[in-house]
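Asks: Numbering (this note's numbering), first residue to last: 1069 to 1416.
Built from N, CA and C at the ideal position, the CB exists for glycine as well.
Here the structure is a predicted model, which means the values were calculated and not measured.
Sharing a structure here in structure tokens format.
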Amino acid sequence: MLEDLEIPTAKKRKPYNVKTPKRDLDLLHSLVIYRVSTVEQLKNLHTFTNAYLSKKIASLCKKGFIQKGNIHSYRFDQKRQGSYYRITDVGLNVLKKNGYEIEVPSASYLKISYDLLPYKLTFNDMVIALIEKGWRFKDSRIVKRENNINRNSILQGVLISPDGKEHVVYVALIDITPSNLKKMETELLEQAAIIDNYIVFTKGTMAFKKIADWLSKTSIGKALELKMMLLPYGKYYLRNYPDDYRVYSLMQEIMPTSLSFKTNFERTNEKLETLVTHEGAEKYIVNLLDTDLIKIANIQSYLLNDYFIEQRDVLVITTPLLRPLHKKMLKDYSQHIAFLEIDAELLF
């Protein structure tokens, strides 16, 4: 009889929880730390192969763990800018469930505005290049919160050298508008009482020259340690020379017979402190490979106020590219300054 027949029922499947691999979790976590990243940045952070990373990014996007966006104004040597990636709330929840400490309430907290995107990606380039050399960094939001700085400030974050010295970082692209120049000056003046070390990175010589010219004419250049570097030069420089002493050690190596550093000597000035014997004469030596505005101000102050007592000229370390700018900034004192050029090939 039909009613006596036993009709088989479909077996219910047990829920299948796919465990997210540790490498995937680390990739997601890096998007919390850096907020946005390019494929190249992710590859450098995690040493993935191109094939693996492409496959993994596609998988994480499909799962809704990360989100893709279009880059603009970041690469000036090509029309196609590529894509960047940021984490979603789904990705954040995956990290939390796997034991990662996530302080941000949601992925929207990590979002970078359209206008600031190329600046943040440029800052990330610097950080990723430096962390393997012992540098560390703080994100801009942490810096602003710790120092009670307006959240609309255009600072990009802080770079911390291997010896623990903190430098607030500003970034300019190929050019910079007068309004952004003024904004940078205003912020530097407002922050001078709480922060006195800065680095300004620029992607173009036009922006570099404008900022150097502008800030050197203000009180900022006389009060703050403010280094200025073109990219990618600045990245390679800081990787190899986190302080002046590394530069001076290099100079001793490449000029062992014509340059000798003196350790015991008397001086009246408080601005310059490193003395060498060069071409038979005692001279103060100053490293301007980082175009630090306070060093330029110190040279000017010494030559104006103390040179007539000490009678020691100043030897400035520069490069063929930077020499015209340094010469212009020190033109009123050129008769007591000698420029010592060093090629990039010897530096790096």
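Are the beta-carbon atoms of G1272 and D1243 separated by less than 9 Å?
Replies: Yes; because the gap between Cβ atoms is below 9 Å, this pair is in contact.
Asks: On the premise that V1236 lies in contact with Y1187, defined as a C-beta separation below 8 Å, what is that separation, rounded to the nearest angstrom?
Replies: That belief does not hold up - the Cβ atoms of Y1187 and V1236 are roughly 14 Å apart, past 8 Å.
Asks: Take the Cβ of N1308 as the centre, count every other Cβ of all protein chains shown within 10 Å, and call the residue buried at 16 or more, exposed below.
Replies: So N1308 counts as exposed.
Asks: Using three-state DSSP, classify L1015 as helix, strand or coil.
Replies: Not covered by the structure: residue 1015. The range shown for the chain is 1069 to 1416.
Asks: How long is the line joining the alpha carbons of I1364 and H1114, rounded to whole angstroms?
Replies: If you take the alpha carbons of I1364 and H1114, they lie about 40 Å apart.
Asks: Just to confirm before moving on: does the CB-CB distance between V1107 and L1121 stay below 9 Å?
Replies: Against a cut-off of 9 Å, the Cβ pair of L1121 and V1107 comes out as a contact.
Asks: What three-state label does DSSP hand N1085 in the structure shown?
Replies: With a pLDDT of 45 at N1085, under the threshold of 50, the modelled position of that residue is not reliable, and the figure given next carries that caveat. Residue state, collapsed to three classes: coil.
Asks: Can you tell me whether I1262 is buried or exposed? The criterion is at least 16 other CB atoms within 10 Å of its CB, across all chains shown.
Replies: It counts as exposed.
Asks: What three-state label does DSSP hand Y1401 in the structure shown?
Replies: Correct three-state label for Y1401: helix.
Asks: Quick one: residues in its chain with C-beta nearer than 7 Å to the C-beta of I1196, no 5 flanking neighbours on either side, listed in chain order?
Replies: Hits under 7 Å: Q1109, N1112 and L1113.
Asks: Buried or exposed: where does G1159 fall if 16 or more other Cβ atoms within 10 Å of its Cβ makes it buried?
Replies: Result: buried.
Asks: In chain order, what residues of the same chain have a beta carbon less than 6 Å from the beta carbon of L1299, not counting five sequence neighbours either side?
Replies: Cβ neighbours of L1299 beyond the five flanking positions: F1269 and K1271.
Asks: At 4 residues or longer, what runs of the alpha helix (DSSP H) sit wholly inside the region 1097-1146?
Replies: If we require 4 residues or more, the alpha helix (DSSP H) runs fully inside the region 1097-1146 come out as 1107-1114 and 1118-1131.
Asks: Is the beta carbon of M1252 sitting closer than 9 Å to the one on L1227?
Replies: Going by C-beta atoms, M1252 is not nearer than 9 Å to L1227.
Asks: Tell me whether E1171 is buried or exposed, calling it buried when 16 or more other Cβ atoms sit within 10 Å of its Cβ.
Replies: E1171 is exposed by the Cβ-count criterion.
Asks: Return yes when the Cβ of G1225 is within less than 9 Å of the Cβ of F1276, no when it is not.
Replies: Against a cut-off of 9 Å, the Cβ pair of G1225 and F1276 comes out as no contact.
Asks: In the DSSP output, which residue or residues are listed as bridge partners for L1389?
Replies: Paired residues: none, contrary to the question.
Asks: Near D1207, what residues of its chain come up, given a Cβ to Cβ distance below 6 Å and the 5 sequence neighbours on each side ignored?
Replies: Counting only Cβ-Cβ distances below 6 Å, and skipping sequence neighbours, we find G1225.
Asks: Near K1201, what residues of its chain come up, given a Cβ to Cβ distance below 6 Å and the 5 sequence neighbours on each side ignored?
Replies: Same-chain partners within the cutoff: R1307.
Asks: Can you tell me the Cβ-Cβ gap for H1394 and L1371, rounded? I've got them flagged as a contact below 8 Å.
Replies: That belief does not hold up - the Cβ atoms of H1394 and L1371 are roughly 14 Å apart, past 8 Å.
Asks: If you count every other CB in all the chains shown that lies within 10 Å of the CB of A1280, and 16 or more means buried, which is it?
Replies: Buried: at least 16 other Cβ atoms inside 10 Å.
Asks: Helix, strand or coil for E1378, going by three-state DSSP, please let me know.
Replies: In the structure shown, E1378 sits in a helix (DSSP, three-state: H, G or I).
Asks: Assess, as a yes-or-no matter, whether the region 1352-1364 is touched by the region 1382-1391 under the definition of 3 or more beta carbon pairs within less than 8 Å.
Replies: With a cut-off of 8 Å, the region 1352-1364 and the region 1382-1391 count as touching, because enough Cβ pairs lie within range.
Asks: Could you compute how far the alpha carbon of S1181 sits from the alpha carbon of T1325?
Replies: Approximately 54 Å, taken between the alpha carbons.
Asks: Looking at the secondary structure, which residues open and close the beta strand (DSSP E) in which I1353 lies?
Replies: Here the beta strand (DSSP E) through I1353 covers A1349 to N1355.
Asks: Do you know offhand how far L1340's Cα is from T1156's?
Replies: Answer to the nearest angstrom: the Cα atoms are 52 Å apart.
Asks: Are three or more beta carbon pairs between the region 1212-1223 and the region 1116-1130 nearer than 8 Å?
Replies: In short, these stretches do not touch, since the Cβ pair count stays below three.
Asks: So, V1384 versus L1408, is the Cβ gap smaller than 9 Å?
Replies: Cβ atoms of V1384 and L1408: closer than 9 Å.
Asks: For L1383, which residues does DSSP report across the bridge?
Replies: The partner list for L1383 (beta bridge, DSSP) reads I1353 and A1406.
Asks: Checking 9 Å against the spacing of the C-beta atoms, do D1374 and T1336 come in under that value?
Replies: In contact: D1374 and T1336 (Cβ atoms closer than 9 Å).
Asks: Just checking my contact of K1278 with L1249 at CB under 8 Å: how many whole Å lie between their CB atoms?
Replies: So it is a contact: roughly 7 Å between Cβ atoms.
Asks: In chain order, which beta strand (DSSP E) runs of at least 3 residues are fully inside the region 1169-1225?
Replies: Here the runs fully enclosed are 1204-1207.
Asks: Taking T1286 as the reference, which of T1254, Y1304 and M1297 has the closest Cα?
Replies: Among T1254, Y1304 and M1297, the Cα nearest to that of T1286 belongs to T1254.
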